Structures are given as structure tokens and as C-alpha cells.
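Working notes for the structure below.
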Amino acid sequence: MQLSSKIHEKGYSSIMNNKVNILNERLADTLLLDLDDPNKCTPGLYQIIRGYINDNREALDGLPSEALDHLEKMTDSIPFRRQV
1 MQLSSKIHEK
11 GYSSIMNNKV
21 NILNERLADT
31 LLLDLDDPNK
41 CTPGLYQIIR
51 GYINDNREAL
61 DGLPSEALDH
71 LEKMTDSIPF
81 RRQV
């Protein structure tokens, strides 16, 4: 592979990573806003948030334990929580 191709691929990869990061941030912000809206708090929203948290578990590892405790308490109070 030529050097110019490698540089181009690295630049493209960096641009795509930035775009994915922007989308991820916007999704997280929108999900948090939806949680504050009682009209949008549906079982489907909680499933999406659960999936988002599972997909981003690595990022959660850096959160302080107090924040994780708060998230855990919040999920315990979800009105649509399925009993296992």
C-alpha cells in the first residue's frame, strides 16, 4: 500500500471516529432529555437506554462509584421493570 493511501485512510478513519463520537454524544443527551419528559418515559425508552448503557459499558468503568450507585437506584425505580 502506498504511503498516500495510508495517510488518506488514517485521515478518513479519524473523521469517521469524530462523527461517531458526535452522534454518540447527541444520542446520550437526547436520551437524558427524554428521561425528563414523562410523556416519553415508555418501556421502549428504557430498553433503548439499557442497550445504550450495555454498548458503552467501557466508558462507564471510568465513572465514580457514586454515579454508578445513583444509576443503579434509578433503574430500580423504573415503573416498567420486568421481573426476572
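Using the numbering used here, the first residue of the sequence shown is number 1, and each one after it goes up by one.
Glycine residues also receive a C-beta, built at the ideal position from the N, C-alpha and C atoms.
Since the model is a prediction, treat every value here as computed from it, not as a measurement.
Which value, in whole angstroms, describes the spacing of the CA atoms of residue i and residue j?
i: V84; j: Y46; result: Residue confidence for V84 is low, a pLDDT of 48 falling below 50, so the modelled location carries little weight; the figure read from the coordinates is stated next. So the alpha carbons of these two residues sit roughly 16 Å apart.
i: S54; j: V20; result: It should be noted that the sequence gives Asn, not Ser, for residue 54. Using only the alpha carbons, I get a separation of about 17 Å.
i: S137; j: A59; result: Here the chain covers residues 1 to 84 and nothing more, so residue 137 does not appear.
i: M16; j: E25; result: 14 Å
i: N18; j: S65; result: 28 Å
i: N56; j: G62; result: 11 Å
i: P95; j: G11; result: Given that the chain is displayed from residue 1 to residue 84, the structure contains no residue 95 and the question cannot be resolved.
Please classify residue i: is it buried, with 16 or more other beta-carbons within 10 angstroms of its beta-carbon, or exposed?
i: I49; result: buried
Going by the CB atoms, is the gap between residue j and residue i shorter than 8 Å?
i: L35; j: C41; result: yes
i: Y52; j: L27; result: yes
- Message: Ignoring anything shorter than 3 residues, give me the beta strand (DSSP E) runs that lie fully in the segment 4 to 42, in order along the chain.
- Response: none
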